[in-house]
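Participant: One structure follows; several queries about it will come next.
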Amino acid sequence: MPQQLEVTEYDVIILGTGFVESILAGALARIGKSVLHLDSNEYYGGSWTSFNFQELLEWAQLLQGHVEESNGYSQENFEGKKALPTDFSKVRRQAYSAIEYELYANIKQTNSTEENEEYHQPEQDTSEETIHHVSTRLSNFERETLAKLLKDSRQFNLDIAPKIMPCRGELIELLISSGVGRYLEFKALDKTYIYSDQDNFDKVPCSKEDVFTSQTVTLTDKRKLMRFLTFALDFDNSPETFEGYEEKPYDIFLREKFQIDSKLLSAVLYAIALIRTKANDVNTVQGLTYTQRYLKSLGRYGNAAFLVALYGAGSEISQGFCRISAVFGGIYMLKHSVKHLLIDESSNNFTGLIDVNGQQLSSTYLITSIDYIPEKLLQENEECEQISRAIVIIDRYIHEESDATLTIFPPDSVGNEYPISVFQFSEGTRTCPKDKYVLYMSTKASGKSAKEDLHKALEKLVDVSNDDASLSSPLFALFYRHKFRNTTLSSLLPNNIIVTNDPDSSLDFETATIQAKQLFEKMCPNEEFLPVVPDPDDDDFSVD
Amino acid sequence: MDTSEKQTRLLVDLHVKYIQSLDTKKDDLEYWLTEHLRLSGVYWGLTALDLLNNVDALKKEDVVKYVVSCQHDNGGFSGHIGHDPHLLYTLYAVQILVIEDALDAVNVDKIVEYVASRQDRDTGAFTGDEWGEIDTRFSYCALSCLSLLKRLDAVNVSKAVEFIMLCKNFDGGFGNSPGAESHAAQIFCCVGALAIVNSLHLVDADLLGWWLCERQLKNGGLNGRPEKLEDVCYSWWVLSTLSILGRLHWINREKLIEFVLTAQDSEGGGIADRPGDMADVFHTLFGLTGLSLLEYPDLKPVDPVYCLPKHVVQRIGLAERYHHKEFQ
Amino acid sequence: MHARKRAKPSAEAEKHRKEKEATKIKEYKNLVESCFQKKDKKEFDNDAFILTTNILSQNPDFYTIWNFRRLILLSGTLKECSEEEKQQTLSSELIFLQELFQLNPKSYWIFNHRRWCLETMPNPDWNKELQLIGKVLELDARNFHAWDYRRYVTPKLSYATETSLTQTEFDFTTTKINQSFSNYSAWHQRSKLLPILIKEKNLDELEKKKLIDKEFELVKAAFYTDPDDQSAWLYHRWLIGQGSNISTSQMDEEIKDSSIKSSERIELLQREINVVRELLELEPDSKFCLQTLITLLSELKTNTKEGSKKIDDEIITFCDRLIKIDKFRTKRYEDLRSKITLSQQQNH
């Protein structure tokens, strides 16, 4: 039954309910703009969304489908305007590659099953198709693992672009001031580990107490580290200390000025400053800025530098901003595709679009994620940054029982070019059921596939080959790559089409939040960005 | 931190007026809530006035009459008329009467009896009153009181010393009871008590002196124990102890004077716990005694053991029970 | 009396305040008057009790009223009642005290009354008290009233359960120190428990040395992490002073005199001198490093006749450095210095 909209003219139409688009939806509605927010998906979050287990499997299978398939819309003319066809599925699919997943036979969990027992059909029939797709090439044990995961499917909230939030930073301040924080729940991520040689993981000390109690940092290193951290926390007030090093690589500065090297250096670069690239790609000022941001985040909510949003951060936070938008009059339609974008050729101006029902909707601005841009307007860009990711469901925690931890593999530690980050989330963050844990791995792409980039690190964390019963075992692993397509893909676009970035390789939402702010500033130069919504019951957060 | 303008002189007249006005604050709730400290207030005010060369600013008759009215049948004194007797106030009473040279107005024997009854014969400790609280403050009160009355014979002095020594800590300081943490006020009480009974040799003067001089913070003020805020009252307790131990020069005199002077209330008079806060008579006394020890001009010298003007201690014929070291 | 900001309110505001207070003063004075009337007449009844509750809620430092309240309890509800009723009454007292405590966590009188209640109760729950005071120390780990109270409760609990709590209390200090090693109160408590622990465990020389070496490790980690923290250095100095002679005796003087100047002692001194020297290299302006080295070297000097001039010279350079670094305590370092030069002169 086609949904016809009563109102066809808006100040802004937004395509895609991803993170950046959603913040803009909230911000624009808040200042009184009329907003129509559409998404081709039947869920919120776009490329930032979270899925339950079955949905994740289906999504992976969808992306593995034939890339050349197109929706068949062609370019037309419409009332004197060029109607460029969009191809959401195809464009979106093109962002992903190297998708592979595997199920593992979990010998440990089969104490109630015998080896030769027949495979049992799970209770929910909706998963039948999924299982059928997968099950033909599985062993009995693997089928059993799959069945169990499907049974608990709804208890999973798996982020396809997982990110955490520093306790001091752009996003958290925005959540507090906009009131969106009220819709969310958080757990603290207060433990960071770093892989050192000889298969050991060291806990990374960041606060004075951590440094003091650390069993792995030598006395001299404790002093060096404390001296450095004390300086870094307030580095802008001691410019003499880094004079002459501003443009030089951060690691050179650390080595020469603070005699920080080897293990300690790795920890500072990759586990505190959280550099995602190689050490000499970051200059001293940048490095100190990242370090300071981390240190300032400590102590605000206990001894954690980060918070993790429950039920899937990308999805929940995006929805939170959409909610604000709706409160201030934004119109929402999910599973509502777009056929054509209408461009006025003479002025190269976007005037409106034709939706899946043939209805023409117009607006002054179009905000959209790249997935909705007509192919014709996208420039081929081979130089796009790519990110390799893995989502691994495991049966036991790694390191120690905790709601959320972060583990870093420095460059070259397991044959990796770039640092690998691994989030471990538990039921506490509502990522998975009580008896399971989830590892989110990511690194900048360098090898032939995501699996190649990440598997060695995975082997160090869990018992992939069933040799060691004391280690955690994997049950399911999904590897994939996605591009970080930024707006340089779309310089052919009219000026009133605002394109939002994909999730990037950083561990948090900071760059995305900043982009939202910048785009808003561009569109509405003198307006307030999500001003404080007065609310007497600010329970979840206290502004300190 | 407060941005009070630095004071460079002692506002003598203002402080005298401040002390005189204390009993007039009857429309402040605070005045009534601190009734149980009235006798202490008289001691603090009177001593301060004497140091300011103005002891007569409070009428002697009135003062003595008031003190007498606080004495109970058992010899002890209470914090105010009708309140219960306690060792703390008994000392204050004796100190006031000594300043006013009016010990004959009270039953001295009864006082001695009361104080002596406070000692636990087994441990040597002193209870504050019949309800049994033990604290080295009370050891000081008892010994100081009896010393002023020349009746130290009434208690077991060596046992008293034994108990005090049980309160000695790893840092050379003393706490309020065995096991308790070192605190400048308790240290003053213990060292003062030991000085009274000629047992200063039991104190590790170098170690304790070090702990005490480390109480001086960057702003010149002194705190009472590590990691705590500066407070004018510690410029008495820390200083007096250092003085007794002959190590007063181990702190920076100029900076501390500056700190105390800046804590004065230049409008209403009196001294506060730190610059910018409200003044009270307690901090007024201890600010002045601190300045006096530092030989600030216009102030009479104070005795670091008895916390009384030196001339008073000399008048009753008590020897100086501490190391004497002039400021160079 | 402490920490009240000076305010200069307008005449209008002052007038308003005085009017408000006038009613409060009247009410308060009436309460007190009525209460004293009853006290003087020795009327230990429920009305008197309620009066004390009202007064103490406003003014928990009014010690005479606490005394009166106890007399009322002793002559009234607690006289000739069953053990159960006694327990009930005093349990209510504890609840009343807890409410007052929220606003006055450092009042001597509140703690005094609490002790009295527990000692008068037929079945005091010492374990509950320990839990309670643990929570207080979570909020303020330096509240010495709370630590004193804990030191009061633990022997009672220990006696009641016939178990030693020394190890658990020792571990408690470890937890507190790990939370913040600037917690002087925790180090202090540790200094009290360590000798008792050694005695209770009946350790042989080797085990004792191991335990004490662990203490050195702990304190070392602290001053390497923050060389400006006094707690660790003071504890370190005490450990050195004790060496292998940690005992429960309070007379440190005796211990110092009788400490064996054995090769073991020299070894200990040398070891610690090296540790502190290494830190001094990383932090050349650390005053506590310099002071500690002076203390250690001074003692080493008395053990080794040779090289004493060399040691003296080094101590003098340290004193000179301290005089430059720590301007407030210059005269103390001058005293130290002249002590050395004086003894040098005497030896010639």
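Chains as they are written, first to last, in the UniProt record's numbering: chain H, 1 to 544; chain Z, 1 to 328; chain D, 1 to 348. Beta carbons are placed, not taken as given, at the ideal position from N, Cα and C, and that holds for glycine.
For the beta strand (DSSP E) containing Val12 of chain H, list its first residue and its last residue.
Facilitator: Run containing Val12 of chain H: 9-15, per the beta strand (DSSP E) assignment.
Participant: Is Phe19 of chain H helix, strand or coil by DSSP?
Facilitator: Correct three-state label for Phe19 of chain H: helix.
Participant: Out of Z:Ala142, Z:Lys159, Z:Ser158, which one is the CA nearest neighbour of Arg151 of chain Z?
Facilitator: That would be Z:Ala142, whose Cα lies nearest to the Cα of Arg151 of chain Z.
Participant: Is there contact between the region 68-85 of chain H and the region 183-197 of chain H, where contact requires at least three CB pairs shorter than 8 Å?
Facilitator: Verdict: no, contact absent.
Participant: How many Å lie between Gly221 of chain Z and Gly76 of chain D at the Cα?
Facilitator: Cα-Cα distance, rounded: 50 Å.
Participant: Within 8 Å, do at least three Cβ pairs link the region 187-199 of chain H to the region 472-482 of chain H?
Facilitator: Touching, no.
Participant: Taking 6 Å as the limit between beta carbons, can you name the residues of its chain near His120 of chain H, skipping five residues before and five after?
Facilitator: Confidence in His120 of chain H is poor, its pLDDT being 45 and thus under 50, which makes the residue's placement unreliable; the coordinate value appears in the next sentence. Here the set comprises nothing.
Participant: Just to confirm, is the Cβ distance from Ser318 of chain H to Ala29 of chain H under 9 Å?
Facilitator: For Ser318 of chain H and Ala29 of chain H, no; Cβs fall outside 9 Å.
Participant: Taking the straight line between their C-alpha atoms, what separation do you get for Glu117 of chain H and Glu144 of chain H?
Facilitator: Reliability of the predicted coordinates at Glu117 of chain H is poor, the pLDDT of 40 falling under 50, and no value is obtained from them.
Participant: CA-CA distance, Asn104 of chain D and Phe111 of chain D?
Facilitator: Roughly 10 Å separates the two Cα atoms.
Participant: Span of the alpha helix (DSSP H) holding His183 of chain Z?
Facilitator: No alpha helix (DSSP H) holds His183 of chain Z; DSSP gives it neither H nor E.
Participant: Short of 7 Å Cβ to Cβ, which residues in the region 184-214 of chain D face chain Z?
Facilitator: For the region 184-214 of chain D, which is checked against every Cβ of chain Z, the residues closer than 7 Å are Tyr184, Ser185, His188, Ser191, Lys192.
Participant: Compute the Euclidean distance between the alpha carbons of Val91 of chain H and Leu353 of chain H, then round it to the nearest angstrom.
Facilitator: For Val91 of chain H and Leu353 of chain H, the distance between alpha carbons rounds to 18 Å.
Participant: Assign Asp280 of chain Z to one of two classes, buried (16 or more other C-beta atoms within 10 Å of its C-beta) or exposed (fewer than that).
Facilitator: Label assigned to Asp280 of chain Z: buried.
Participant: Quick one: Cα of Leu492 of chain H to Cα of Thr364 of chain H, how far?
Facilitator: C-alpha separation (whole angstroms): 18 Å.
Participant: Anyone know if the C-beta pair for Leu245 of chain Z and Gly209 of chain Z falls short of 9 Å?
Facilitator: For Leu245 of chain Z and Gly209 of chain Z, yes; Cβs fall inside 9 Å.
Participant: For the ligand NAD, I want to know if Ser505 of chain H counts as a neighbour, meaning its beta carbon is within less than 8 Å of at least one of the ligand's heavy atoms.
Facilitator: The model on display carries no ligand, and the ligand NAD is accordingly not part of it.
Participant: Kindly say whether Thr225 of chain D, judged by its beta-carbon, lies nearer than 9 Å to any beta-carbon of chain H.
Facilitator: It does: the Cβ of Thr225 of chain D has a partner Cβ on chain H nearer than 9 Å.
Participant: So with Cβ pairs under 9 Å, would you call Lys220 of chain D a contact of chain H?
Facilitator: Yes, Lys220 of chain D counts as interfacial toward chain H.
Participant: Does the beta carbon of Thr64 of chain D sit closer than 9 Å to a beta carbon anywhere in chain Z?
Facilitator: So yes, Thr64 of chain D belongs to the interface.
Participant: Touch check for the region 411-419 of chain H and the region 273-281 of chain H: three-plus C-beta pairs under 8 Å?
Facilitator: Touching, yes.
Participant: Quick one: is Ser231 of chain D near chain H, going by C-beta distance under 9 Å?
Facilitator: False, the Cβ-Cβ gap to chain H never drops below 9 Å.
Participant: Rounded to whole angstroms, what is the Cα-Cα separation between Arg6 of chain D and Tyr333 of chain D?
Facilitator: Each residue's Cα considered, the two are about 38 Å apart.
Participant: Counting beta carbon pairs with one atom in the region 431-441 of chain H and one in the region 284-293 of chain H, are three or more of them shorter than 8 Å?
Facilitator: Judged by Cβ distances under 8 Å, the region 284-293 of chain H makes no contact with the region 431-441 of chain H, as fewer than three pairs qualify.
Participant: Give me the subset of the region 295-313 of chain D whose CB atoms are less than 8 Å from a CB atom of chain Z, sorted by chain position.
Facilitator: If the cut-off is 8 Å between Cβ atoms, the region 295-313 of chain D has nothing near chain Z.
Participant: Shorter than 9 Å from the beta carbon of Thr175 of chain D to some beta carbon of chain Z?
Facilitator: No, no contact with chain Z.
Participant: Name the chain D residues that come within less than 7 Å of Ile134 of chain Z, Cβ to Cβ?
Facilitator: Those within 7 Å of Ile134 of chain Z in chain D number zero; the least Cβ separation is about 10 Å.
Participant: Would you mind working out which of H:Phe350, H:Tyr440, H:Thr218 sits nearest Ile13 of chain H, comparing C-alpha positions?
Facilitator: Closest by alpha carbon: H:Phe350.
Participant: Out of H:Glu427, H:Ala445, H:Glu375, H:Gly415, point me to the one whose CA is closest to Ile394 of chain H's CA.
Facilitator: Answer by Cα proximity: H:Glu427.
Participant: Roughly how many angstroms lie between the CA atoms of Pro85 of chain H and Leu377 of chain H, to the nearest whole one?
Facilitator: If you take the alpha carbons of Pro85 of chain H and Leu377 of chain H, they lie about 10 Å apart.
Participant: So what's Phe49 of chain D in DSSP terms, helix, strand or just coil?
Facilitator: Reduced to three states, the DSSP call for Phe49 of chain D is helix.
Participant: For Gly80 of chain H, which of H:Ala457, H:Leu62, H:Asn348, H:Gly447 has the nearest alpha-carbon?
Facilitator: Cα-wise, what sits closest to Gly80 of chain H is H:Asn348.
Participant: So with CB distances below 7 Å, who are the chain D contacts of Cys213 of chain Z?
Facilitator: Under the 7 Å cutoff, chain D gives Arg329, Arg332.
Participant: With a CB to CB cut of under 7 Å and the five nearest residues on each side skipped, what residues in its chain are close to Leu507 of chain H?
Facilitator: Counting only Cβ-Cβ distances below 7 Å, and skipping sequence neighbours, we find Lys163, Ile164, Leu274, Ser421.
Participant: Taking only beta-carbon positions, decide if Arg6 of chain D is within less than 9 Å of chain Z.
Facilitator: Chain Z, which has a Cβ nearer than 9 Å to the Cβ of Arg6 of chain D, makes this yes.
Participant: Which chain H residues sit within Cβ distance under 9 Å of Asn178 of chain D?
Facilitator: Glu209, Phe212, Thr213, listed in chain order.
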